[in-house]
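Visitor: Numbering (this note's numbering), first residue to last: 6 to 377. Just dropping this structure here.
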């Protein structure tokens, strides 16, 4: 029965390129939110260096997760957790993973909604924008991960092309003086605390849940390493462009630094207010991020409960996300929850969980040898 359930809730398979693009877009979604301001407060002019330390941590996390998944090639991290810790503790661990996905979806829904209000729709009720984002997320989750991967592949040229155009358009406004002092607030702050802040991801545990759709654990290493490398370098480049354009002071004072950067683009008298194009880009990425996390929560819960299909869980989980996203009284509270709660929590499923599973398997082998 267990094998039948696992087979029925698969959403098909897709190639390496689709999987890499999907994880890259999910990773860089945070650049459109107040997150660059937090990194500028943390690292100062060296905010662009913080993803470099985070890249090393993320690659280590991918290595650990790949090692865990290879121990059971026909299972996801949900089933592996139950095998390693037993049914009771394993289900409790899986509930932490599900809660993490719901927390990410809730906070991203609220922050993207607030960002859209601040940038283009100041008089629109937040409930309307939240409903719109969640509708896109529910639709994407219902269509399945393969449909989302194909959609990401189709939209990627426009998204990456828009980012390249952004960087070229801003280059005349760059000032190298904004990058000094070179190490900002200090190497310890930049490569220590900054590394763990930027390594607070969704994508490692998400890939572990979607491992079968991505072609099994043999592909996870390739997908994980390449997507992390490209996403973190892209994040570093966009942060560098933001600091070069605005400087540290203006970056830390702006609620949405990346949107502020796009408003500085001037391509001539007849090409103004081009930030509207980037609002469309970040709305696409925001909807994809919400859909991915909602899908991850639904599939994880379905596998934990041994259900044959995850789709009946999408609507109740979407309602939970909608209610929770409206609980923070303002954007400042949502950003604080993101920084103080969500980012420390993300270290548990992405890094601590694979270490605990490896330790559980090692302890089981030691006990088995002693009994023998």
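All residues carry an ideal CB built from backbone N, CA and C; glycine is no exception.
Buried or exposed: which applies to residue 303, given that a residue is buried once 16 or more other Cβ atoms fall within 10 Å of its Cβ?
Guide: Locating residue 303 in the chain shown gives position 298, counting from the first residue. Buried.
Visitor: When you compare each of 56, 33 and 87 to residue 197 by their alpha carbons, which one comes out closest?
Guide: Walking along the chain shown from the start, residue 197 turns up at place 192. Minimum Cα distance to residue 197 is reached at 56.
Visitor: Tell me whether residue 248 is buried or exposed, calling it buried when 16 or more other Cβ atoms sit within 10 Å of its Cβ.
Guide: Looking up residue 248 in the chain shown gives position 243. Buried.
Visitor: Can you look up residue 70 in the DSSP assignment and give me helix, strand or coil?
Guide: Counting from 1 along the chain shown, the entry for residue 70 is found at position 65. Residue 70: helix per DSSP, three-state reduction.
Visitor: Nearest-angstrom Cα distance between residue 7 and residue 133?
Guide: The residue labelled residue 7 in the question sits at position 2 within the chain shown. The residue labelled residue 133 in the question sits at position 128 within the chain shown. Because residue 7 carries a pLDDT of 44, less than 50, the predicted location of this residue cannot be relied on, and no value is offered for it.
Visitor: On the CB-based measure, 16 or more other CB atoms within 10 Å of its CB, does residue 206 come out buried or exposed?
Guide: Start at 1 with the first residue of the chain shown, and residue 206 comes out as number 201. So residue 206 ends up on the buried side.
Visitor: So, with DSSP's three-state summary, where would you put residue 363?
Guide: The count along the chain shown starts at 1 and reaches residue 363 at position 358. In this structure, residue 363 counts as helix in the three-state DSSP scheme.
Visitor: Could you check how far apart the C-beta atoms of residue 326 and residue 147 are, in whole angstroms? I think they sit under 8 angstroms.
Guide: For this step, residue 326 is matched to residue 321 along the chain shown. For this step, residue 147 is matched to residue 142 along the chain shown. About 14 angstroms; that fails the 8 angstroms criterion.
Visitor: Drop a sphere of 10 angstroms on the beta-carbon of residue 287, count the other beta-carbons inside from all chains shown, and report buried for 16 or more, exposed for fewer.
Guide: Taking the chain shown and counting its residues from 1, one reaches residue 287 at position 282. When all chains shown are included, residue 287 counts as buried.
Visitor: Apply the 10 Å Cβ neighbour rule to residue 218 and answer buried if 16 or more other Cβ atoms are within range, or exposed otherwise.
Guide: Here the question's residue 218 lines up with position 213 in the chain shown. Burial call: buried.
Visitor: Out of 310, 113, 88 and 343, state which residue places its alpha-carbon closest to the alpha-carbon of residue 296.
Guide: Indexing the chain shown from 1 puts residue 296 at position 291. Considering only alpha carbons, the answer is 113.
Visitor: Looking only at its chain, what residues have a beta carbon closer than 6 angstroms to the beta carbon of residue 76, apart from the 5 residues adjacent to it on each side?
Guide: Taking the chain shown and counting its residues from 1, one reaches residue 76 at position 71. Taking C-beta separations shorter than 6 angstroms and ignoring five residues to either side along the sequence, residue 76 has no partners in its chain.
Visitor: In the DSSP assignment, the alpha helix (DSSP H) including residue 153 goes from what residue to what residue?
Guide: The residue labelled residue 153 in the question sits at position 148 within the chain shown. It spans 150-175 - the alpha helix (DSSP H) in which residue 153 sits, taken as one unbroken run.
Visitor: Apply the 10 Å Cβ neighbour rule to residue 103 and answer buried if 16 or more other Cβ atoms are within range, or exposed otherwise.
Guide: Your numbering for residue 103 matches position 98 in the chain shown. Classification of residue 103: buried, given that the 10 Å Cβ count is 16 or more.
Visitor: Which of the three DSSP states is assigned to residue 216 in this structure?
Guide: Sequence index remark: in the chain shown, residue 216 carries index 211 (1-based). Residue state, collapsed to three classes: coil.
Visitor: Output needed for residue 294: all residues of its chain with C-beta closer than 6 angstroms, excluding positions within five of it in sequence on either side, in chain order.
Guide: By one-based count along the chain shown, residue 294 stands at place 289. Taken in chain order, the residues that qualify are 31, 34 and 113.
Visitor: Please classify residue 179: does DSSP put it in a helix, a strand, or coil?
Guide: Position 174 of the chain shown, counted from the first residue, corresponds to residue 179. Residue 179 falls in the coil class under three-state DSSP.
Visitor: Within 10 angstroms of its Cβ, does residue 119 collect 16 or more other Cβ (buried), or is it exposed?
Guide: In the chain shown, residue 119 corresponds to position 114, counting from 1. Classification for residue 119: buried.
Visitor: Find out if the Cβ-Cβ distance for the pair residue 291, residue 163 is shorter than 9 angstroms.
Guide: Mapped onto the chain shown, residue 291 falls at position 286. Mapped onto the chain shown, residue 163 falls at position 158. The answer is no: Cβ separation not under 9 angstroms.
Visitor: Can you give me the start and stop residues for the alpha helix (DSSP H) that residue 316 sits inside?
Guide: Position 311 of the chain shown, counted from the first residue, corresponds to residue 316. Taken as a continuous stretch (DSSP letters only), residue 316 belongs to no alpha helix (DSSP H), as it is neither H nor E.
Visitor: Is the Cβ-Cβ distance between residue 89 and residue 307 less than 9 angstroms?
Guide: Working through the chain shown from its first residue, we reach residue 89 at position 84. Working through the chain shown from its first residue, we reach residue 307 at position 302. Their beta carbons are not under 9 angstroms apart, which means residue 89 does not touch residue 307 by this criterion.
Visitor: Grab me the residues of residue 23's own chain with a C-beta within less than 7 angstroms of its C-beta, minus the 5 sequence neighbours each way, in chain order.
Guide: Residue numbering aside, residue 23 sits at position 18 when the chain shown is read from its first letter. In its chain, beyond the 5 residues on either side, 154, 155, 157 and 158 have a beta carbon closer than 7 angstroms to the beta carbon of residue 23.
Visitor: Relative to the alpha-carbon of residue 73, which residue among 369, 367 and 363 has its alpha-carbon at the smallest distance?
Guide: Within the chain shown, residue 73 is the residue found at index 68, counting from 1. Checking every option, the nearest Cα to that of residue 73 belongs to 363.
Visitor: Who are the near neighbours of residue 360 in its chain, counting only those whose CB is closer than 7 angstroms to its CB and skipping five residues on each side?
Guide: Mapped onto the chain shown, residue 360 falls at position 355. 69, listed in sequence order.
Visitor: Does DSSP classify residue 185 as helix, strand or coil?
Guide: Locating residue 185 in the chain shown gives position 180, counting from the first residue. Note: residue 185 maps to coil in three-state DSSP.
Visitor: Could you spell out the range, first to last residue, of the alpha helix (DSSP H) harbouring residue 76?
Guide: Counted from its first residue, the chain shown places residue 76 at position 71. Where residue 76 is concerned, there is no enclosing alpha helix (DSSP H), given that its DSSP letter is neither H nor E.
Visitor: Near residue 121, what residues of its chain come up, given a Cβ to Cβ distance below 6 angstroms and the 5 sequence neighbours on each side ignored?
Guide: The residue you call residue 121 lines up with position 116 of the chain shown. Closer than 6 angstroms at Cβ, skipping near neighbours: 134.
Visitor: So, helix, strand or coil for residue 18, using DSSP?
Guide: Stepping through the chain shown from its first residue, residue 18 is reached at position 13. DSSP places residue 18 in coil when its eight states are reduced to three.
Visitor: Please report how far the alpha carbon of residue 314 lies from the alpha carbon of residue 169, in whole angstroms.
Guide: The count along the chain shown starts at 1 and reaches residue 314 at position 309. The count along the chain shown starts at 1 and reaches residue 169 at position 164. Distance between residue 314 and residue 169, taken at the CA atoms: about 41 angstroms.
Visitor: So, with DSSP's three-state summary, where would you put residue 355?
Guide: Sequence index remark: in the chain shown, residue 355 carries index 350 (1-based). Reduced to three states, the DSSP call for residue 355 is helix.
Visitor: Does the Cβ of residue 372 have 16 or more other Cβ atoms within 10 Å, making it buried, or fewer, making it exposed?
Guide: One-based indexing of the chain shown puts residue 372 at position 367. It is exposed - the Cβ of residue 372 has fewer than 16 other Cβ atoms within 10 Å.
Visitor: Taking just the CA atoms, how far does residue 160 sit from residue 285?
Guide: Reading the chain shown from its first residue, position 280 is the one you call residue 285. Reading the chain shown from its first residue, position 155 is the one you call residue 160. Near 11 angstroms, if we compare the C-alpha coordinates of residue 160 and residue 285.
Visitor: By DSSP, does residue 41 sit in helix, in strand, or in coil?
Guide: The residue you call residue 41 lines up with position 36 of the chain shown. Reduced to three states, the DSSP call for residue 41 is helix.
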